[in-house]
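Residue numbers (full-length UniProt numbering): 1 to 408. Where a beta carbon is used, it is the ideal one built from N, C-alpha and C, also for glycine.
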């Protein structure tokens, strides 16, 4: 009899939430009571969880802007978390709902519940509660919840209409921002250190995959602020090779797409600069991969001419830095295969040096600070110290590596 009474009470709570006549105070009461019955009646779980989601909506309320209305929705967010604590099987689905709720001032779809239902959230206080709830879900099941977030980052292959596309892009930006700020500390400290966890694998694999599709602004945030913050790239630098390769693949595609376009390739330059940051500045990937790409795709006269004069000099500088980094890395490791690879890269650099130095010479010759009559290239060092240092770096790189073989 007591079980029947509890079942009836549970059903009444669900009815209260769904009823348009229910007061906001009664809805708040229902939000606090539903978790007390949730484990007792498996056949009512789906109906109950939908009622919990309804607590988070309230878009039809005539008192949408009231503090009571905000309080009801916040009660709903807390109840979502309580249900996940009660039954682990709801963690992933509830996390997906919370991710949708990050869209402050926009609408989102809950998906399996009611495909046409829209949810609005426009109070900063609510967004803070949603983020806190997401962090709690992340602690319950890091791989699953990170997977839910990454699903919003990696672009869908299916066609979307303009409204759906804008909503998707808005949510993706919010998820990336959340991962790079509020969630980053716990991700680094609790779920990816020491390296090798399932959560780390999920995050690294999915975010690296997203590099192939996203705009450079989002890629920079993902690479600089999220991926390179993970301990695995400090302990195992070679892990960054996949990031580097993804960046170089984007640069290569952009080069090929604009093969007949002589406008400055600003996007290509941005991906190359980020690749340089990963391999050279952060030492998170092999500089040999980077140098091989430069020598294979960026040392032809016709290719270099597509870039602005300053970018050409930047590329020469990057090649010089990559060559020096290769020399430092490979002579330290000593295996014969590494030394042979270095020798091949050195030979390729020497073959390309005439083109690279010509780039610097032309830049100096056309610089407004350069003298009209230059007797030799190096006379311009007084007038353009930045370009002069680039030339010096290239010469020093070739000389240093050559000396290493002579001494060896």
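Euclidean distance between Cα positions of residue i and residue j
i	j	result
residue 28	residue 196	43 Å
residue 139	residue 49	21 Å
residue 253	residue 222	20 Å
residue 147	residue 348	43 Å
residue 96	residue 149	8 Å
residue 156	residue 217	19 Å
residue 137	residue 99	11 Å
residue 318	residue 280	9 Å
residue 305	residue 275	21 Å
residue 346	residue 205	33 Å
residue 194	residue 313	41 Å
residue 215	residue 191	27 Å
residue 272	residue 231	24 Å
residue 359	residue 255	19 Å
residue 19	residue 213	44 Å
residue 64	residue 70	Note that residue 64 scores 43 on pLDDT, short of 50, meaning its location in the model is unreliable; the coordinates nonetheless yield the value given after this. For residue 64 and residue 70, the distance between alpha carbons rounds to 8 Å.
residue 263	residue 307	Legend: pLDDT at residue 263 = 49, less than 50; position of this residue unreliable, no value from coordinates given.
residue 129	residue 75	10 Å
residue 219	residue 170	15 Å
residue 9	residue 32	13 Å
residue 187	residue 144	13 Å
residue 160	residue 173	17 Å
residue 15	residue 210	43 Å
residue 84	residue 17	19 Å
residue 233	residue 242	11 Å
residue 257	residue 249	12 Å
Rounded distance between the beta-carbons of residue j and residue i, thought under 8 Å
i	j	result
residue 208	residue 246	6 Å
residue 268	residue 356	Actually they are not in contact, since the Cβ atoms of residue 268 and residue 356 sit about 18 Å apart, beyond 8 Å.
residue 322	residue 342	Not quite, the Cβ-Cβ distance comes to about 12 Å (not below 8 Å), so this is no contact.
residue 79	residue 35	6 Å
residue 340	residue 287	So it is not a contact: roughly 16 Å between Cβ atoms.
residue 200	residue 135	The pair is not a contact, with the Cβ atoms about 17 Å apart (cut-off 8 Å).
residue 278	residue 244	5 Å
Where residue i falls: helix, strand or coil (DSSP)
i	result
residue 79	helix
residue 156	coil
residue 201	helix
residue 181	coil
residue 318	helix
residue 6	helix
residue 49	helix
residue 327	helix
residue 285	coil
residue 440	Given a span of 1 to 408 for the chain in the structure shown, any question on residue 440 remains unanswerable.
residue 246	helix
residue 408	Confidence is the limiting factor: at residue 408 the pLDDT is only 48, short of 50, which leaves the residue's position unreliable and the question unanswerable from this model.
residue 277	helix
residue 236	coil
residue 225	helix
residue 90	helix
residue 41	coil
residue 193	coil
residue 231	coil
residue 307	coil
residue 349	helix
residue 218	helix
residue 124	helix
residue 257	helix
residue 54	helix
residue 161	coil
Residue of the options minimising C-alpha distance to residue i
i	options	result
residue 417	362, 285, 219 and 305	Because the chain is modelled from 1 through 408, residue 417 falls outside the range shown and cannot be assessed.
residue 295	315, 7, 307 and 325	315
residue 86	40, 103, 236 and 303	40
residue 103	166, 233, 186 and 90	166
residue 237	265, 283, 179 and 142	283
residue 94	46, 72 and 124	46
residue 56	44, 320, 38 and 30	30
residue 225	176, 13 and 242	176
residue 361	249, 91 and 310	310
residue 89	38, 73 and 51	38
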